[in-house]
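Residue numbers (the numbering used here), protein chains in the order written: chain A, 969 to 1601; chain B, 5 to 243.
The beta-carbon is built from N, C-alpha and C at its ideal position, and this holds for glycine as well.
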């Protein structure tokens, strides 16, 4: 992002390496200030919100300024003086639904260049049968060297690969090069300066939008794929060809006054489609609520064509008005499902779930959020999953998130926009086809430790379960594995042996796939799960969980909600050097819904400015006892 | 291998790397008065990408403490100890403690070996375990001498020559090749050397990540800081 024509963006390179779903992306951009005066250069990049930043550096005139990951509270304290003076702006802001924007600016002297490098990592999640790598590019002007390169290595073999971009024209299409060889894929896109221009003499650039790579891996074994690398293992589980389980689903629909008009209309439309897509083996119920809770029928109905037709007719009659009584509505849904199970009106082997859609905080009946959470948790008792959809900006997302996580489900934000119907349907599609329930992973206790979650309420079609852990013994290269679950007809039970395979190096320079990627994947997953667990734990547990997650974040240099990236940068003559802080946003902070950028009312972003010690000589810590040693690293 | 020379009097440290052909045996410590000899044999990586630098590590140490009749051969596989004719074979896979006549020896499973000689030196050997299927690296060892002042003034060797301290001065810093690590001129042993302020790692407490030790790094296999040339320290056998 440049402030004048006299700043030339010389290169933009996005280099993404993926090994077994773990993606490591480096974005590098170099700009030159051609003017004979100093100018501000902005570096703005977007990264997936599921990613953790791991590194940032600026190289100005040969001097490198490296970002440092610090404990958030300590970083805040360090710069609180600056924060207290009201210098607040964000280095990281929500950007649209999937991305967050990292932006930093620096004043560059005349005829000086600056190179920005941002690195982030994420575990790609399988959804609808594919993994997706999204790279958002907006260079604002044609760039001398523009390059997107992605290398994917999947030991299971790559089943398909697709790369496209929202800005691709017929002329640019041949420039997207894809090479696929069994386990490896290489994608590159590197248009020349001329090819980036809309027309030969035009200003501006065609390169503005999302470059998306989608792929899936081969799925053959029931036990899944287990990779053992360097003392860590990761288990990917998504068996092929499993029949879907019938589901028992109750839709709890907010029809309070705030849903009036568009939101209510979108909800009705989405429900009509969702009901149409129900399988005949499924059972369903509808619980619209405002101040009062009015179930469509007192018990579950089988999804026969007649029942579905009647339900659709009912849905079209739902009108908005009144207050929001979430507590009673969810408890009514729990009662309907519990009664169906007790009375054996639903199949033994089926998955029960509640889908709650609401657009606001509870305003009627029980309104104390922890009491609602406790009531719901006690009523559900681990017997069904609860998914929460927060519609629009007025929901307490954190409340819904915890409510869902406490009950083996997840929360999702539904953005108020013209495509809300598709968002609702999309979420439903993700969870509409359970394949297995009560999925348990067993590894020998004396063999592995530091395991990530090993019990999952459901496995959905098109998704994947990932479990990772550490081996007690680095020398161990095989161990038994057992997966048990409830399937459609029988109990699903597979036993197998995980064993390390000798693999040829793929990225020898970084030793990427043999280095620490499995360990980093484990750390990433563990931090994610600890943060989730933290949300639903007691105050006492929270302290320990936070400490563990913080320790891992610092050890692996991840910018998580517990850490901050402190970036030192040169300023001007009065303020020789400044520090700015980039934080990881939590979902609750992502109130922005516009792709155009954040609003000024956003909270949770900080910009701090304070002098920092930039001395290069490391401070001494050597012990007074002389130690002479020889070792290697 | 990387060498770290702790200089507590100066509140500082020196460091340098030594690289030669894998298989070379270097004399690390030789103290004619106490009859102590420590030799180390290097190993390389399993595989080296064509054109890339060959890194070496210590894979075996041979230690003789003549005064006490002690002889130790430590490799990444096993530890052979003999004291006045009595022999024992230990493995890294099991923790063990041996209380000998003049020597206490403690193996911490897959991690370290501590040797304490009565009224004399203590040293620690660290095992760096590497995943067996790693395409490049293999297990290697680190050697740490404690209480080095208990050696005689005649002690020498790649490490031993520093046991009685080393005198040096360092000029003002100036920018080096790496902006994060400035250079300086070091006046030492009659030489003027361009040295770099950097870090090396001490793995005693954290065998995986190590702890950074700030130090003055001497380039070119320690040329100028070590007496003579590197080839002077090459010996033909471990004992």
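Could you spell out the range, first to last residue, of the alpha helix (DSSP H) harbouring residue i?
i	result
residue 1375 of chain A	It is not in any alpha helix (DSSP H) - residue 1375 of chain A carries neither H nor E in the DSSP assignment.
residue 181 of chain B	Residue 181 of chain B -> no alpha helix (DSSP H), and no H or E assigned at all.
residue 1490 of chain A	1485–1503
residue 1396 of chain A	1388–1399
residue 1516 of chain A	1507–1523
residue 1075 of chain A	Premise fails: residue 1075 of chain A lies in the beta strand (DSSP E), 1067–1076, not in any alpha helix (DSSP H).
Using a threshold of 7 Å, is the CB atom of residue i nearer than that to any non-hydrogen atom of the ligand FMN?
i	result
residue 111 of chain B	Here there are no bound small molecules, and the ligand FMN is not part of this structure.
If we ignore side chains and look at the alpha-carbon of each, how far apart do residue i and residue j end up?
i	j	result
residue 1549 of chain A	residue 1072 of chain A	10 Å
residue 1490 of chain A	residue 1201 of chain A	8 Å
residue 91 of chain B	residue 209 of chain B	30 Å
residue 136 of chain B	residue 1467 of chain A	13 Å
residue 48 of chain B	residue 1498 of chain A	40 Å
residue 1045 of chain A	residue 237 of chain B	52 Å
residue 1555 of chain A	residue 1013 of chain A	19 Å
residue 1561 of chain A	residue 1063 of chain A	With a pLDDT of 38 at residue 1561 of chain A, under the threshold of 50, the modelled position of this residue cannot be trusted, and the question is left open.
residue 175 of chain B	residue 166 of chain B	21 Å
residue 1315 of chain A	residue 1305 of chain A	12 Å
residue 220 of chain B	residue 1356 of chain A	58 Å
residue 1344 of chain A	residue 1503 of chain A	16 Å
residue 1297 of chain A	residue 97 of chain B	60 Å
residue 1524 of chain A	residue 1206 of chain A	28 Å
residue 1113 of chain A	residue 1176 of chain A	15 Å
residue 1307 of chain A	residue 1398 of chain A	26 Å
residue 60 of chain B	residue 84 of chain B	23 Å
By Cβ distance below 6 Å, which residues in the same chain neighbour residue i in space, the five residues on each side in sequence not counted?
i	result
residue 1186 of chain A	1124, 1125, 1127
residue 1117 of chain A	983, 1156
residue 1569 of chain A	Here residue 1569 of chain A scores only 26 on pLDDT, less than 50, and its place in the model is too uncertain to base an answer on.
residue 163 of chain B	32, 33
residue 226 of chain B	20
residue 1534 of chain A	1036, 1038, 1043, 1547, 1549
residue 195 of chain B	228
residue 1407 of chain A	1424, 1427, 1453
Starting from residue i, trace the beta strand (DSSP E) both ways and give me its first and last residue.
i	result
residue 990 of chain A	990–1001
residue 1126 of chain A	1126–1133
residue 1233 of chain A	That residue, residue 1233 of chain A, is in no beta strand (DSSP E); its alpha helix (DSSP H) goes 1230–1244.
residue 1153 of chain A	1152–1157
residue 30 of chain B	29–35
Name the residue from the options whose alpha carbon lies nearest to the alpha carbon of residue i.
i	options	result
residue 1038 of chain A	A:1595, A:1531, A:1598	A:1531
residue 78 of chain B	B:59, B:199, B:53, B:128	B:128
residue 10 of chain B	B:197, B:169, B:61	B:169
residue 206 of chain B	B:242, B:148, B:228, B:179	B:148
residue 1000 of chain A	A:980, A:1017, A:1018, A:994	A:980
residue 1402 of chain A	A:1445, A:1386, A:1420, A:1455	A:1455
residue 1132 of chain A	A:1103, A:1503, A:1169, A:1181	A:1181
residue 1219 of chain A	A:1115, A:1279, A:1382, A:1597	A:1279
residue 100 of chain B	B:89, B:218, B:241, B:118	B:118
residue 1221 of chain A	A:1412, A:1004, A:1493, A:1323	A:1323
residue 141 of chain B	B:158, B:52, B:184	B:52
Determine, for residue i, whether the minimum Cβ-Cβ distance to residues of chain B falls below 8 Å.
i	result
residue 1442 of chain A	yes
residue 1393 of chain A	no
residue 1119 of chain A	no
residue 1599 of chain A	yes
residue 1468 of chain A	yes
residue 1580 of chain A	Because residue 1580 of chain A sits at a pLDDT of 29, beneath the cut-off of 50, its placement in the model cannot be relied upon, and the following sentence gives the value as read from the coordinates. No, residue 1580 of chain A lies away from the interface with chain B (no Cβ there is under 8 Å from its Cβ).
residue 1336 of chain A	no
residue 1595 of chain A	yes
Can you give me the Cβ contacts of residue i inside the same chain, cut-off strictly under 7 Å, excluding the 5 residues immediately before and after it?
i	result
residue 1282 of chain A	1254, 1264
residue 1097 of chain A	1184, 1430
residue 71 of chain B	38, 39
For residue i, decide whether its Cβ has a neighbour in chain A, counting only Cβ atoms nearer than 8 Å.
i	result
residue 160 of chain B	no
residue 6 of chain B	yes
residue 264 of chain B	Given that chain B is displayed from residue 5 to residue 243, the structure contains no residue 264 of chain B and the question cannot be resolved.
residue 136 of chain B	yes
residue 35 of chain B	no
residue 237 of chain B	no
Residues in the same chain with beta-carbon distance under 8 Å from residue i, minus the five sequence neighbours each way, listed in chain order, please.
i	result
residue 179 of chain B	186, 187
residue 1341 of chain A	1367, 1370, 1371, 1374
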